[in-house]
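Residue numbers (this note's numbering), protein chains in the order written: chain A, 2 to 101; chain B, -19 to 191.
No residue lacks a Cβ here, since even glycine has one placed at the ideal position from N, Cα and C.
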């Protein structure tokens, strides 16, 4: 079964919040992040995939899995630190979602 | 034996050298993607505790174990075989057999590169169900997934092919993430690798996904 990702990101051109479906097509435009997140959750309901919400600065604020096992917290401690890794992951995701 | 047995922890017993990294990384990713917690000797970073004690504590805590006994060749430097993997497999089987009641629930998957080679190296294992990955990381993912799905009886676990597709995407992104961190992928510690997998939000498999 194909799984989908819904990314909630801010469109800097007009200050609105958009839902990008699997990083490509725009599934909706909303005034607030909260509205866009709620709609992304509704769109993915009953399917398997992920709702990834980014702040206006492009940092991942949440990544919810739907219909898939929840990723568990690791038992091992890293040396780099979760903030630095989160920042690097967010930068890669943002670059993927932002048209060149 | 006083450690708590954790029902979603999976002990990985495998070589950690560069040649084996592709299979180790694939197994690590699959265990996370299936919603389990991977554990292995690499997470031990506290010099105040004896290494073997740490490994035994970890074995006690893990409900599941994935043991790869494919590294049976002689080490280039010493011309001697490495016994760490068979030792840890023996500790795991001993804990299951001789530990208290809760440890009897332990289950382990034994992997090798070839399906019947173990008969020549660990003949006492004859009659056990040994799974072969053929040195192929994606085959290792499928073996681990099918075994964990079967033993845990968890429903709605993604299929092996789906996890393998996600893993290919993860590998592409992992290089970029490491680029942001100004590190090479092989410079990540075990804990850092776990963090990168944990934070990576790429759980879609679809033909319309952007590359």
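Give the single residue among B/81, B/150 and B/69 whose Cα lies nearest to the Cα of residue 110 of chain B. B/69
I'd like to know if residue 87 of chain A contacts chain B, where contact means its C-beta is closer than 9 Å to some C-beta of that chain. yes
So, using beta-carbon positions, are residue 89 of chain A and residue 157 of chain B closer together than 9 Å? Yes, the Cβ-Cβ distance between residue 89 of chain A and residue 157 of chain B is below 9 Å.
Per DSSP, residue 22 of chain A forms a beta bridge with which residues? A/7 and A/26
Which residues, in chain order, does the segment 57 to 87 of chain A contribute to contact with chain B at a C-beta distance below 8 Å? 61, 64, 66, 68, 69, 70, 71, 72, 73, 74, 75, 76, 77, 78, 79, 80, 81, 83, 85, 86 and 87
Looking at the C-beta of residue 28 of chain A, does it have a partner C-beta in chain B at a distance below 9 Å? no
Do you know how far the Cα of residue 182 of chain B is from the Cα of residue 122 of chain B? 19 Å
Beta carbon of residue 13 of chain B, beta carbon of residue 138 of chain B: below 9 Å? Yes; because the gap between Cβ atoms is below 9 Å, this pair is in contact.
Looking only at C-alpha atoms, which of B/39, B/56 and B/108 sits nearest to residue 76 of chain B? Measuring from the Cα of residue 76 of chain B, the nearest candidate turns out to be B/39.
Member of A/79, A/72, A/41 and A/82 whose CA lies at the smallest distance from the CA of residue 22 of chain A: A/41
Is it buried or exposed, residue 84 of chain A, if we count other Cβ atoms within 10 angstroms and call 16 or more buried? The residue in question, residue 84 of chain A, is exposed, as its Cβ has fewer than 16 Cβ neighbours within 10 Å.
Spatial neighbours of residue 42 of chain B in its chain, beta-carbon cut-off 7 Å, leaving aside the 5 residues before and after: -14, -11, -10, -9 and 19
Using a beta-carbon distance below 9 Å, is residue 4 of chain A in contact with chain B? yes
What does the alpha-carbon distance come out to for the pair residue 119 of chain B and residue 73 of chain B? 24 Å
C-beta contact flag for residue 51 of chain B and residue 96 of chain B at 9 Å: no
Other residues of its chain near residue 24 of chain B: CB distance less than 7 Å, five sequence neighbours each side excluded: 31 and 34
Quick one: is residue -12 of chain B near chain A, going by C-beta distance under 9 Å? Flagged as an interface residue toward chain A: residue -12 of chain B, by a C-beta distance shorter than 9 Å.
Does the beta-carbon distance from residue 50 of chain A to residue 7 of chain A come in below 9 Å? yes
Assuming residue 86 of chain A and residue 175 of chain B are in contact, meaning their beta carbons sit under 8 Å apart, how far apart are those beta carbons, in whole angstroms? 5 Å
Please go through the same chain and pick out, in chain order, the residues whose beta-carbon is closer than 6 Å to the beta-carbon of residue 115 of chain B, but skip the five residues on each side of it. Here the set comprises 93.
Distance, Cα to Cα, residue 66 of chain B vs residue 166 of chain B? 26 Å
Within 10 angstroms of the Cβ of residue 62 of chain A, are there 16 or more other Cβ atoms? Answer buried if so, exposed if not. exposed
On the CB-based measure, 16 or more other CB atoms within 10 Å of its CB, does residue 13 of chain A come out buried or exposed? With fewer than 16 neighbouring CB atoms inside 10 Å of its own CB, residue 13 of chain A falls in the exposed class.
Would you mind working out which of B/160, B/53, B/-17 and B/71 sits nearest residue 98 of chain B, comparing C-alpha positions? B/53
For residue 47 of chain A, does the count of other Cβ atoms within 10 angstroms reach 16, so buried, or fall short, so exposed? exposed
Pick from B/177, B/63, B/44 and B/159: whose alpha carbon is nearest that of residue 146 of chain B? B/177
Alpha carbon to alpha carbon, how far is residue 159 of chain B from residue 38 of chain A? Give it in angstroms, no decimals. 30 Å
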